[in-house]
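Here's what the structure looks like:
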């Protein structure tokens, strides 16, 4: 993804798509709160503890839904605020689109499976329409990122006809000198992340992502493919909520997203910051949920008495939380700035480049100007 600025229309469309994602998630969260015996039951259900809703129905949301809600709202704000760097806004939109696609794609076949026929058909139908609508909004975000870019310069006419791009920082009157950026750069684009913080962020995200992936490989070997496939593609034995992806799919998608964000940070892409922040937040939420559930059930209190596999699983969750928190700190470090004096200066919108030591233009206009 290039770091070119998005047009105003593209930013507006991206913000509307993010608001649609947020509204759909907020509506289902409100629905779960309305059918819960106690509001806290929704929270503990998100963490994995079995609670039954007030009516004979199923939960609809998981811990991903409030995260998607907050992330979509943050991306919408970044898209409409002109003070936000273009690459940062584009990275926020890309992160929301990627998380939505990874978490909603399996719902297309899970919500149409035969083993859900015992539930209310209208409820599952609305949930499937929600998944389709959120995937459509994510597709709109991807189209906006691909087709909503504007070139980094302005165009001026040439004496021989035609036009060529001139990367001028701003329009100015005759006699005012401006620093002009290098050819092929966008004056609004932020600098690349600094090498040290970017490398640290990449290593932290990669380590946490590999830890999550290693556990998925362990469960695959431990359970066998036939059983593991049920948790990967969906089955009645692993069903938890209508809008929650299968448990192993969710973990594999988290590992994939974290590794992708690590690669972007390692390459020091200007848009890698929001992607790394999103991956770090998801990692922290995943590990913190595991630890909170273990605290609720008393596993942390009797940690020395647990089997070795359970101890290792809790230790991995603590490591994922620590790596995610550290990645949040390193990914927020400011990007490097361009060195002073690297660009020449230019006379107004129709002038040419001149070295910084050249004399200023005349105070009076030439004859026939």
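In my numbering, the protein residues as written are 490 to 858. C-beta atoms are modelled at their ideal positions from N, C-alpha and C, and glycine is treated no differently.
Leaving aside the five residues that flank residue 789 on each side, the residues in its chain whose CB is nearer than 8 Å to its CB run, in chain order, 780, 783 and 803.
Counting C-beta pairs with one atom in each stretch, the region 560–570 and the region 533–545 have fewer than three that are closer than 8 Å, which means they do not touch. Within the region 770–829, there are no complete beta strand (DSSP E) runs of at least 3 residues. Membership of residue 733 in any alpha helix (DSSP H) is not indicated, and neither H nor E is assigned to it by DSSP. Taken through DSSP and simplified to helix, strand or coil, residue 516 comes out as helix. With the rule of 3 Cβ pairs closer than 8 Å, the region 496–505 counts as touching the region 628–639. If the five residues before and after residue 817 are omitted, its C-beta is found closer than 6 Å to the C-beta atoms of 769, all from its own chain and listed in chain order.
Three or more beta-carbon pairs separated by less than 8 Å link the region 732–741 to the region 591–599, which places the two stretches in contact. Judged by DSSP in its simplified three-state form, residue 598 adopts helix. Here the alpha carbons of residue 775 and residue 702 stand approximately 13 Å from one another.
Around the beta carbon of residue 626, a 10 Å sphere encloses 16 or more other beta carbons of the protein chains shown; the residue is thus reported as buried. The Cβ neighbour count for residue 618, taken over all protein chains shown within 10 Å, is under 16; the residue is labelled exposed. When only Cα atoms are considered, residue 729 and residue 568 end up about 34 Å apart. Considering only 535, 586, 573 and 794, the residue with the shortest C-alpha distance to residue 497 is 573. Contact between residue 756 and residue 684 does not hold, since their C-beta atoms are separated by about 11 Å, which reaches or exceeds 8 Å.
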